[in-house]
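This is the structure in structure tokens:
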């Protein structure tokens, strides 16, 4: 079963860009660790800066542009979703809680019944 819709990175330039982006992320992580004597905002800034620089480098590659296009299409799709109202959400949450409570009680009764049959009647331990 061959999936021909899988896209891979074929360009050498794209491979170099993505490899460089990975190295920048690793450098941000190492920078965060090495700067342990510095204040936390500086350390987090180095890490986040590494992520931002890596994202910019990756954006200039073909897979990066495809990912950005996919994210844009996904955002447009989310805007078209018919989200439930507050009343519908509250009602469904109440139904779920009630179902969980009823099932919890049912399982407890079933467990105690099996315990009584097994230990009380069959084994005579209680």
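Residue numbers (the working numbering): 103 to 228. Glycine included, every Cβ here is placed at the ideal spot set by N, Cα and C. Predicted model, so just to flag it, every value in this text is computed and none were measured.
Using a Cβ distance threshold of 9 Å, residue 120 and residue 173 do not count as a contacting pair.
The stretch 143-197 is shown to contain whole alpha helix (DSSP H) runs of 4 or more residues at 164-181, in chain order. In the DSSP annotation of this structure, the continuous segment of the alpha helix (DSSP H) that includes residue 115 starts and ends at 114-136.
A contact between stretches requires three or more CB pairs, one per stretch, nearer than 8 Å, and the stretch 170-185 fails this requirement with the stretch 128-143. Contact check between the stretch 151-158 and the stretch 194-210: fewer than three CB pairs, one atom from each, fall below 8 Å, which does not count as touching.
Distance between residue 157 and residue 144, taken at the CA atoms: about 20 Å. Apart from sequence neighbours up to five positions away, the residues of its chain that approach residue 167 with a beta-carbon distance below 8 Å are 161, ordered along the chain.
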